[in-house]
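What follows is a short report on a single structure.
In my numbering, the protein residues as written are 1 to 433.
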C-alpha cells in the first residue's frame, strides 16, 4: 500500500457519474419500497413518494453546487466541516456512515432473496454474505474499472425495469391500484416515508466520487441531475405497474415484488417471471457495488481527516482505499446476520436524512459566510431550494422517528456513541488516530 492520503485518481467521466448515481440507488426499485404499501396503501405511499422525490431533487441541486465548490471525497462531511465547524462535519460523517454501512446488507439480502426465487435451494442469507464479499473484491479494482462495471450493470438494470413496466402494463387496472389505497391514512403516509426514501437513498454517494472525476465542474452536475431524473421516472413507473397488476397486498411484505407482480399479471408459470427475476439481479448488483464504493470513500475521507484510524486512509497501488473497502464489507456481514431488512432500511433512512439536513444547512451557511467562494455550479431558486430541502429532511426525520421509536433510539445511541468517541478518545494523550 501507498502511504495514507496519497490521493485518488481522476479517471471518471460524466457517464460514469450518472452510472454511479443511478446504480447506487436502483436496487430501491427492485425491493424494499413495497413495505410502504403495508402501512399506507398504494395511494398513501404515492403521496409519500412524491414528497420524497421533491426532497431528492432539491438535495441533488445542493450537492451539485457543494461538490463542485468543495471537491472532496468526504462529500457531506467536507461540506459540514467547512460550513459548520468540526462538530458539524463530524456529525455529518457519522450520519453518512450509518447510511452507507447499513444499506449494503439490506441490498445484499434483497439480492439473496431474488436468487432464492430463481433457485429455491439457495439460502438468502448465505447468498447475501457471499455477494458482499464478491463485490468487495470488485471494489478493490481500479476505480475506473469498477465504474465501468457499475455503468454496464446499471444500464442492464434500467432496461430490465423498462421491460417490466411494458410487460405488466396491459394488466394494469386503476381499481386494483386504488383498492384500500388510503388504508393507513395520514399516519400511514408518515410511516411509509423510509420506504419511499429507499427509492432514492444513496444518490449522494455519487458526489463522493468528485476527486476521481475528470472536469468535475461539468461532469458531476450533469451526471447527478440526470441520475435523479432517471430515478424519479423509474420509481413512478415501477410502483404504478406493480400496484395495478393484481392484488398489491401480495407484494407488501416480500423482498422480490417485481417477479411476484409479473406472476400476478401473467401467471406463475410464465417464463417472464424467472426471466425478470434473473435480470433483476443486475439492479441489486449495481447498487451493492455502488454503495460499497460510496461507503469506502466515506471511511477514507473521515480517516484522512484524523477522525478515524488513519490506516483506513491508505490506498493501494491502484489508487483504491482497500482497508476502507474491507471494513465496509465486514460491517455489511454483521448487518446481514441480523436478517432485519426493514429495520436496516429505516436506520439507513434516518442517517440519510441527517446528512441531507446538514448538507442543505451547509449550503445556506456558505452562501452567507463565503459569498465570494468559487461555485462552478449554483443551485437555482436560492434560498428556496436549500430551505425546502432542509425543512423536508427534518420533517421526514421526525415522522420516521415517531413511527419507529425503537429504531430511532438505536440510531440516537449510535450517534451519541460516536460523539462520545470524539469527545473523550480523541482528546486523550497518545490516543489520536
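Virtual Cβ for every residue (Gly too), placed ideally from N, Cα, C.
Owing to the predicted nature of the structure, the values given are computational and were not obtained by experimental measurement.
Where does residue i sit, in a helix, a strand or coil, going by DSSP?
i, result
"residue 140", "coil"
"residue 459", "Outside the displayed span of the chain (1 to 433) sits residue 459, for which this structure offers no information."
"residue 343", "helix"
"residue 403", "helix"
"residue 99", "helix"
"residue 256", "coil"
"residue 370", "coil"
"residue 122", "coil"
"residue 333", "helix"
"residue 59", "helix"
"residue 380", "coil"
"residue 70", "coil"
"residue 127", "helix"
"residue 53", "helix"
"residue 37", "helix"
"residue 416", "helix"
"residue 245", "coil"
"residue 30", "coil"
"residue 75", "coil"
"residue 251", "coil"
"residue 375", "coil"
Go ahead and label residue i buried or exposed: buried means 16 or more other beta carbons lie within 10 angstroms of its beta carbon, across all protein chains shown.
i, result
"residue 82", "buried"
"residue 370", "exposed"
"residue 119", "exposed"
"residue 233", "exposed"
"residue 5", "Confidence in residue 5 is poor, its pLDDT being 40 and thus under 50, which makes the residue's placement too unreliable to answer from."
"residue 393", "buried"
"residue 247", "exposed"
"residue 403", "buried"
"residue 373", "exposed"
"residue 423", "exposed"
"residue 126", "exposed"
"residue 87", "exposed"
"residue 121", "exposed"
"residue 257", "buried"
"residue 432", "Since pLDDT at residue 432 reaches only 47, below the 50 mark, its modelled position is unreliable, and the value read off the structure follows with that caveat. The residue in question, residue 432, is exposed, as its Cβ has fewer than 16 Cβ neighbours within 10 Å."
What does residue i pair with, by DSSP beta-bridge criteria?
i, result
"residue 213", "12"
Are the C-beta of residue i and some C-beta of chain D separated by less than 8 Å?
i, result
"residue 267", "The structure shown contains no chain D; it holds only a single protein chain."
| alpha helix (DSSP H) segments (min. 4 residues) lying fully within the region 260-322 | Counting whole runs of 4 or more residues, the region 260-322 contains the alpha helix (DSSP H) stretches 271-304.
| field | At least 3 beta-carbon pairs within less than 8 Å: the region 12-30 vs the region 171-188 | value | No: fewer than three Cβ pairs fall under 8 Å.
| request: Indicate whether the contact test is met: 3 or more Cβ pairs, each with one atom in the region 88-103 and one in the region 352-368, closer than 8 Å. | output: Below 8 Å, enough C-beta pairs join the region 88-103 and the region 352-368 to call them touching: three or more.
| task | Take every Cβ of the region 159-168, pair it with every Cβ of the region 190-199, and state whether three or more of those distances are shorter than 8 Å. | result | Touching, no, given that fewer than three Cβ pairs across the two stretches are closer than 8 Å.
| field | In chain order, each beta strand (DSSP E) run of at least 3 residues that lies wholly inside the region 138-226 | value | The DSSP assignment places no complete beta strand (DSSP E) segment of no fewer than 3 residues inside the region 138-226.
| message | Could you check whether the region 35-54 touches the region 263-276, counting it as contact only if at least three pairs of C-beta atoms, one from each stretch, sit closer than 8 Å? | response | At 8 Å Cβ cutoff, the stretches do not touch.
| field | Meets three-Cβ-pair contact criterion under 8 Å: the region 31-47 and the region 196-207 | value | Yes, the region 31-47 is in contact with the region 196-207.
| Quick check: the region 39-49 against the region 296-315, are there 3 or more CB pairs under 8 Å? | Counting C-beta pairs with one atom in each stretch, the region 39-49 and the region 296-315 have fewer than three that are closer than 8 Å, which means they do not touch.
| query | Is the region 98-112 touching the region 285-297, taking contact as three or more C-beta pairs under 8 Å? | reply | With a cut-off of 8 Å, the region 285-297 and the region 98-112 count as touching, because enough Cβ pairs lie within range.
| Can you find at least 3 beta carbon pairs, one from the region 200-219 and one from the region 68-75, that sit closer than 8 Å? | Verdict: yes, contact present.
| Validate contact between the region 123-142 and the region 372-391 using beta carbons, cut 8 Å, 3 pairs | When C-beta atoms of the region 123-142 are compared with those of the region 372-391, fewer than three pairs fall below 8 Å, so the two segments do not count as touching.
| Does the region 344-351 come close enough to the region 406-425 to have 3 or more Cβ pairs within less than 8 Å? | Verdict: yes, contact present.
| Three or more C-beta pairs below 8 Å linking the region 136-156 and the region 273-285 | Yes, the region 136-156 touches the region 273-285.
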